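In what follows, a single structure is set out as structure tokens and then discussed.
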Amino acid sequence: MNDHHLNKIQELDCWQGELRIVELSGGITNKNYFVEDDVNHYVARICEDRRHLGIHRDNERICQQAAQRAGVAPAVLHFKSDLLVTQFIKSRTLTVTDLSDLTTLTKIASSLRQLHTAQEHHDGEMLYFCPFQTVRTYAKTASRLNAKLPTEMDIYLEDAKTLSREITPFRPAMCHNDLLAANLLDDGKRLWIVDWEYAGVGNPLFDIASISANGSLSNEAEAHLLREYAPDFNTQMLHEVKVLKAISLLREGLWALIQSVASDIEFDYDGYAQDNLTACSVAKDSL
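By my numbering, the letter at position 284 of the sequence shown is numbered 1570, and the numbering carries on one by one without gaps.
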């Protein structure tokens, strides 16, 4: 365990009694710790700003607190610039396999609808999130950091520019924007959404597309998710989800390329980038 992180957690004045701290595995952006004191259980995360990834911790806190009030996120219990303490939820983390289950997709659709329609819970200065702008910025950041970009990078970006014109006007909502299976918890009764570091106001269909992209959903499962989410489901909406799915995969691939040179976490970022960029090409070709 990192002694510096341990000291940071122990120095907080929010604990009651003796502490037990255990490092949690699996994170590919931050270091996470399970913390137990004499009263309760918590998750503490070491999480400095990462501007090269578009992460602003004040925005993360504001968004998670809004999502908490909307009933879809664990409570924020303590926050400082580089450390976030949240409620620990006794639960099971979803897997990619879970995302192929239609019952689970129905639950996810319900949670996202709850989040996207809870504007009365949203206040503070939330960032705006545009996936097309994000991929342009990530590509420049990856190049500046001397990450190994694919030879087809210009084609990816030109295709993204073309695809952006296929998105019709939408009503902005607060979105999570990083819906991996690992960011969804099932406590046996309901789902919780965690890790709000990329959250912001944006296109709600991008959250649907993220689930489809990161879960490798079939066409049938993708359509089921959107139908359960949107009472006004139509074919144009489904087409836009497919467009945003390709952009989500491109964004994830570029994110991994940046992390391959910027992160000290042991993870195969290069392989992860290649998997997502390949999936992006497949998604584009299917449009």
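Heads up, the beta-carbon is just placed ideally off N, CA and C, and yes, glycines get one too.
The model shown is predicted, which means the values in this text are computed figures rather than measured ones.
* What are the uninterrupted segments assigned as beta strand (DSSP E) that are 3 or more residues long and contained completely in the segment 1391-1467, given in chain order? -> 1459-1461
* For threonine 1390, count neighbouring C-beta atoms within 10 Å of its own C-beta (all shown protein chains included) and say buried if the count is 16 or more, exposed if not. => buried
* Asked: valine 1568: buried (16+ other C-beta within 10 angstroms of its C-beta) or exposed?
  -> exposed
* Per-residue DSSP class, three states only, for aspartate 1481 -> coil
* In terms of residues, what are the limits of the alpha helix (DSSP H) holding glutamine 1545? -> 1521-1548
* Could you have a look at glutamine 1302 and say whether DSSP puts it in helix, strand or coil? => coil
* To do: Quick one: give me the first and last residue of the beta strand (DSSP E) that phenylalanine 1492 is part of.
  => First-last for phenylalanine 1492: 1490-1500, but that is the alpha helix (DSSP H), not the beta strand (DSSP E).
* To do: Starting from histidine 1291, follow the alpha helix (DSSP H) in both directions and report where the run begins and ends.
  => 1289-1296
* To do: Give me the Cα-Cα distance between alanine 1428 and leucine 1339, rounded to the nearest whole angstrom.
  => 10 Å
* Apart from the five residues on each side of it in sequence, which residues of its chain come closer than 7 Å, Cβ to Cβ, to alanine 1548? -> His1338 and Leu1431
* **Extent of the continuous beta strand (DSSP E) to which valine 1362 belongs** => 1362-1366
* How many whole angstroms separate the CB atoms of alanine 1499 and serine 1534, which I take to be in contact at a CB cut-off of 8 Å? -> 4 Å
* **Local conformation of glycine 1357 per DSSP, three classes** => coil
* Cβ pair lysine 1528, leucine 1573 closer than 7 Å -> yes
* Grab me the residues of leucine 1543's own chain with a C-beta within less than 6 Å of its C-beta, minus the 5 sequence neighbours each way, in chain order. => Ala1428, Ala1433 and Ala1559
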